[in-house]
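Asker:
Protein chains: 2
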Amino acid sequence: MRISELAREAGTTPRALRYYEEQGLLRPARLASGYRHYDPQALRVVRHIQLLLSAGLNTAAIAEILPCIPDDATVLAPTCPELLDALAVERDRITTSIDQLAGARAVLDRLIQAGARARDQF
Amino acid sequence: MRISELAREAGTTPRALRYYEEQGLLRPARLASGYRHYDPQALRVVRHIQLLLSAGLNTAAIAEILPCIPDDATVLAPTCPELLDALAVERDRITTSIDQLAGARAVLDRLIQAGARARDQF
DNA sequence: CTAAACCTTTACGTTGACGTGAAGGTCAAG
DNA sequence: CTTGACCTTCACGTCAACGTAAAGGTTTAG
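Written out as structure tokens, the structure is:
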């Protein structure tokens, strides 16, 4: 598949896919014309990239982690045990983020509750 | 208290506090010298700002919400019921973020589990 | 054969929350 | 009365993940 089709299926843009490639996250083949050619696996990879980006990982961290994620649900790549610490660091960072978000949501919830009470009272 | 002391207690920098003021989030008094003077309440306000920023709210959204947060645990400011919808939008956005983070953490956890198994096996 | 709709690289622009000087006024200790 | 540690207001720099435009080659439908 070509870049626009992959972008459409992944809900993103060609620009983003080229950027991921520039950061070493994707390695599409090239046609004789110079056009990028993506195999179907690429969609899963892009979804993983999006998920990890949304979790606050930067492209450098994703570049380390990505090769450890199995395409076919078999096993980890052999070099990945060495990354266990880095993975744990990122996981803990995510947990901290979740806790902060939960705290902020609690603040908003209290405001919403108070607002609803004030509204119902009049 | 002056700006550096407040910054220290809040774990931030004078620059950030000036930035918050520039965005309308803080209104410190001024001494005759021109120095900013913060009352003790300001620390609570700054902590709320930090919490909401860490939740992904921008300063414009915080500027709307902040006057609704009571300093002394009494009640909401009178204009705040009008903001109920905006508050709900932000809360839902936070919930979405939490879900995404949880998804990414699940991916990392699976990798960590697999890595640990691979390590224990050899 | 041509026009629309793709694709390529190059390169500058955007956004938000600050960091980082620069140039100068203020304050407390010795 | 001076030195060092504060403070002030500009004002430009940073960073990441793209957006956007320019200038040009490729493919496909009619």
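First to last, the protein sequences are chains G and E. Read left to right, the first sequence gives residues -3 to 118 (our numbering). Read left to right, the second sequence gives residues -3 to 118 (our numbering). Glycine included, every Cβ here is placed at the ideal spot set by N, Cα and C.
1) Since R101(E) contacts I90(G) with CB under 8 Å, what's their CB separation in whole angstroms?
2) Rounded to the nearest angstrom, what separates H44(E) and P10(E) at their Cα positions?
3) Residues of the region 93 to 105 of chain E in Cβ contact with chain G at a cutoff of 9 Å, in chain order, please.
4) Is A57(E) helix, strand or coil when you go by DSSP?
5) Please confirm if G111(E) has its CB atom under 8 Å from at least one CB of chain G.
6) Quick check on R26(G): does DSSP put it in helix, strand or coil?
7) Is it buried or exposed, R32(G), if we count other Cβ atoms within 10 angstroms and call 16 or more buried?
8) Identify whether R32(G) lies in helix, strand or coil by the three-state DSSP scheme.
9) What did DSSP end up calling P66(G) once you bin it into helix, strand or coil?
10) Which of the residues in the region 32 to 63 of chain E, read from start to end, lie with their CB under 8 Å from any CB of chain G?
11) Output yes if chain G places a C-beta closer than 8 Å to the C-beta of A114(E); else output no.
12) Could you please give the first and the last residue of the uninterrupted alpha helix (DSSP H) stretch that includes A12(E)?
13) Determine the burial state of S93(G): buried for a count of at least 16 other Cβ atoms within 10 Å of its Cβ, exposed for fewer.
14) Establish whether the CB of A6(E) and some CB of chain G are separated by less than 8 Å.
15) Which residues in chain E sit within 8 Å of L80(G), going by Cβ to Cβ distance?
16) Are the Cβ atoms of L49(G) and L2(G) separated by less than 8 Å?
17) Please report how far the alpha carbon of Q96(G) lies from the alpha carbon of L97(E), in whole angstroms.
18) How many angstroms separate the CA atom of S0(E) from the CA atom of T55(E)?
19) For L27(E), count neighbouring Cβ atoms within 10 angstroms of its own Cβ and tell me buried if that reaches 16, exposed if not.
20) Quick one: list the residues of chain E neighbouring L83(G), beta-carbon separation under 8 Å, in chain order.
21) Would you say L80(G) and I61(G) are within 8 Å of each other, going by their C-beta atoms?
Answerer: This is what the structure holds:
1) The sequence position of residue 101(E) within the second sequence is 105, counting from 1. The sequence position of residue 90(G) within the first sequence is 94, counting from 1. That pair is a contact at about 5 Å.
2) Taking the second sequence and counting its residues from 1, the one referred to as residue 44(E) is at position 48. Taking the second sequence and counting its residues from 1, the one referred to as residue 10(E) is at position 14. Whole-angstrom Cα-Cα distance: 17 Å.
3) S93, I94, Q96, L97, A98, G99, A100, R101, V103, L104 and D105
4) Reading the second sequence from its first residue, position 61 is the one you call residue 57(E). A57(E): helix per DSSP, three-state reduction.
5) Residue mapping note: residue 111(E) aligns to position 115 of the second sequence, counting from 1. Interface residue, yes.
6) For the purposes of this step, residue 26(G) is taken as residue 30 along the first sequence, with counting starting at 1. Correct three-state label for R26(G): strand.
7) Here residue 32(G) refers to the residue found at position 36 when the first sequence is read from its first residue. Answer is buried; the Cβ neighbour count reaches 16.
8) Against the first sequence, residue 32(G) aligns to sequence position 36. Strand.
9) On the first sequence, position 70 is the one that residue 66(G) refers to. Three-state result, P66(G): coil.
10) H44, L47, L48, S50, A51, G52, L53 and I61
11) Taking the first residue of the second sequence as position 1, residue 114(E) is located at position 118. Taking Cβ atoms only, chain G reaches closer than 8 Å to A114(E), which makes this a yes.
12) On the second sequence, position 16 is the one that residue 12(E) refers to. Unbroken alpha helix (DSSP H) run through A12(E): P10 to E18.
13) For the purposes of this step, residue 93(G) is taken as residue 97 along the first sequence, with counting starting at 1. So S93(G) counts as buried.
14) Position 10 of the second sequence holds residue 6(E). False, the Cβ-Cβ gap to chain G never drops below 8 Å.
15) Translated into the one-based positions of the first sequence, residue 80(G) becomes position 84. The contacting residues are I108, G111, A112 and R115.
16) Along the first sequence, one-based indexing puts residue 49(G) at 53. Along the first sequence, one-based indexing puts residue 2(G) at 6. Taking 8 Å as the Cβ cut-off, L49(G) and L2(G) do not qualify as a contacting pair.
17) On the first sequence, residue 96(G) is found 100 positions in, with the first residue counted as 1. On the second sequence, residue 97(E) is found 101 positions in, with the first residue counted as 1. Approximately 12 Å between the Cα atoms of the pair.
18) The count along the second sequence starts at 1 and reaches residue 0(E) at position 4. The count along the second sequence starts at 1 and reaches residue 55(E) at position 59. Each residue's Cα considered, the two are about 21 Å apart.
19) Sequence index remark: in the second sequence, residue 27(E) carries index 31 (1-based). The residue in question, L27(E), is exposed, as its Cβ has fewer than 16 Cβ neighbours within 10 Å.
20) By 1-based counting over the first sequence, the position of residue 83(G) is 87. Those are L104, L107, I108 and G111, listed as they occur along chain E.
21) On the first sequence, residue 80(G) is found 84 positions in, with the first residue counted as 1. On the first sequence, residue 61(G) is found 65 positions in, with the first residue counted as 1. No, the Cβ-Cβ distance between L80(G) and I61(G) is not below 8 Å.
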